[in-house]
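Numbering of the sequence shown is given in this note's numbering, commencing with residue 28 and proceeding in unit increments.
Accompanying notes for the structure given below.
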Amino acid sequence: MAENAARIAVISVNVHDMDQAVAFYTDALGFAVRSDSGAPYFVELVNDGPRLLLQLAERPTKADYPSGACIMINLAVADVAAEFARLRESGAELLHESLQDSPVGPYFGVADPSGNVIELIQFSE
């Protein structure tokens, strides 16, 4: 990478209801809250990569997934089938009826309470 090249420092996820979002990202996806000192406007989640912020927005969105252009967060998981079953059982809004195939491994999409798309993927070895 060039010396002056940009790098991802923060991923902000706009959410219309911070309480619902924190519950989804912690209970359903397994993140932990790093800091809620900026709540209800910002909540930072624990993440090994760039900072991951939930940021309060005025209204939810409806992504045109998978046809429309959008930025998605992809989460690597060890057992995508187990995550699919667990999230289905929890009542999360799954965006696929079954696991999807891709060249790098099976995946599925889920919408957060604000309509943001998250894909969970199990990378093939």
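Beta carbons are placed, not taken as given, at the ideal position from N, Cα and C, and that holds for glycine.
Computed from a predicted structure; not experimentally measured.
Buried or exposed for Tyr68, going by 16 or more other Cβ atoms inside 10 Å? As a first step, residue 68 must be located in the sequence shown, where it is residue number 41. Under this definition Tyr68 is an exposed residue.
Secondary structure of Glu146, DSSP reduced to three states: Here residue 146 is taken as the residue at index 119 of the sequence shown, counted from 1. Strand.
Burial state of Ser94 (16 or more Cβ within 10 Å): As a working note, residue 94 is residue 67 in the sequence shown. Its Cβ having fewer than 16 others within 10 Å, Ser94 is exposed.
Spatial neighbours of Ile100 within its chain, please: C-beta separation below 6 Å, excluding the five flanking residues on both sides. Against the sequence shown, residue 100 aligns to sequence position 73. In its chain, beyond the 5 residues on either side, Ile145 have a beta carbon closer than 6 Å to the beta carbon of Ile100.
Give me whichever residues DSSP pairs with Pro64 in a beta bridge. As a working note, residue 64 is residue 37 in the sequence shown. Contrary to the premise, residue 64 reads as Ser rather than Pro in this sequence. Looking at the DSSP output, Ser64 sits in no beta bridge, so it has no partner there.
Three-pair Cβ contact test at 8 Å for the region 59-73 versus the region 108-127: The answer is no - the region 108-127 does not touch the region 59-73, with fewer than three Cβ pairs under 8 Å.
For Gln127, which residues of its own chain have a beta-carbon under 7 Å away from its beta-carbon, when the five flanking residues on both sides are left out? Position 100 of the sequence shown, counted from the start, is the residue given in the question as residue 127. Correct list, in chain order: Pro133, Tyr134, Phe135.
Phe135: first and last residue of the uninterrupted beta strand (DSSP E) it sits in: Your numbering for residue 135 matches position 108 in the sequence shown. Where Phe135 is concerned, the enclosing beta strand (DSSP E) stretches over 134-138.
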